[in-house]
Amino acid sequence: FFWATSLKCPADLRAMPVDTMEKLQEEIRSIKAKFGTSCKLSKGEKGSPTFPFPIGVQVSVERPEAAKMWDESVDEITMKLVIGGLEVEDLSVVAATVGFPKTVAEAIAEATTNEWRSKIKKGGAEKWRMDAMLKWVETNFDKLMRLVPAAVSTYEGVDASGASCRKCTLIEPTATTEVVVEEEISEEEQQRRMEEFVRREAERLVREEAEREAEAEEKRKLALAGMGEYKAPQ
């Protein structure tokens, strides 16, 4: 892989566990395979005491169907996952999306950095949790766009079928509005709202799965009774 030579001659990072780096390479390969050529990788300068760090993995998370209320100017979130070292505190996210207001990009970067570090601390099958982090961004796309309420504007638009609907877009908030927003909505409140959204979404998915299973069971009973055709749930 792109820093394989550093594992053969770890003169600058003798304490670095080889298996840790191998797991990191494996996760990056997985991300690269998933996003293809749109995934951009970077590494530290060769010869640097911290080589291959910092390692950067930049991808663009496309707007999901659940966030279709946002117009074409907000069709993706481009971000770079930066691994500055082997400690949780060395992880950070840079929102590299062109056209987003600076306050929105900074808020997204901070929220995703905190969430990424939190996922790492909780542990899991993937040590670096990059794929899980990108899935979290997709799930919370709409919520991330609304981290700075003063930067959100709505207007009367049309959907794919031509029907009228409310659309959302991002605008550059005024300096006065920014101050008010920062005073009224703290970082803790933003994090609480995001956690509440994730909780409600998880509960909704559980309910929907239970309903599908109940419906399938009812159809199965009717089919056994000769009152209908049973089709296994997909």
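So the mapping is simple: this note's numbering equals the position in the sequence shown, first residue as 1, plus 1200.
Each residue gets a CB set at the ideal place from its N, CA and C atoms; glycine is no exception.
Note that the structure is a prediction, hence the values are computed from the model and not measured.
The residues Ile1231, Lys1232, Val1257, Gln1258, Val1259, in chain order, have a CB closer than 8 Å to that of Cys1239 in the same chain once the five nearest residues on each side in sequence are set aside. Annotation for Val1337: the continuous alpha helix (DSSP H) segment containing it runs 1330-1339.
Contact check for Thr1369 and Ser1273: beta-carbon distance about 6 Å, within the 8 Å limit, so the pair qualifies. Its chain contains Phe1202, Ile1228, Lys1232, Ile1255, Gly1256, Val1257, Gln1258 as the residues whose beta carbon lies nearer than 8 Å to that of Leu1241, once the 5 sequence neighbours on both sides are disregarded; these appear in chain order.
Leu1334 and Glu1356 have their C-alpha atoms some 31 Å from each other. Between the alpha carbons of Glu1289 and Arg1317 lies a distance of about 7 Å.
When Cβ pairs closer than 8 Å are counted between the two stretches, the stretch 1339-1353 is seen to touch the stretch 1294-1314, the count reaching three or more. Bridge pairing for Met1279: Val1259, Ala1295 [DSSP]. When the five nearest sequence neighbours on each side are left out, the beta carbons in the same chain lying within less than 7 Å of the beta carbon of Ala1305 are those of Ala1295, Thr1297, in order along the chain. Across the structure, Pro1301 and Thr1374 are spaced so that their CA atoms are roughly 11 Å apart. Your pair Lys1243 and Lys1327 does not check out as a contact, with CB atoms roughly 18 Å apart and the cut at 8 Å.
In the structure shown, Lys1240 adopts extended strand secondary structure according to DSSP, grouped into three states.
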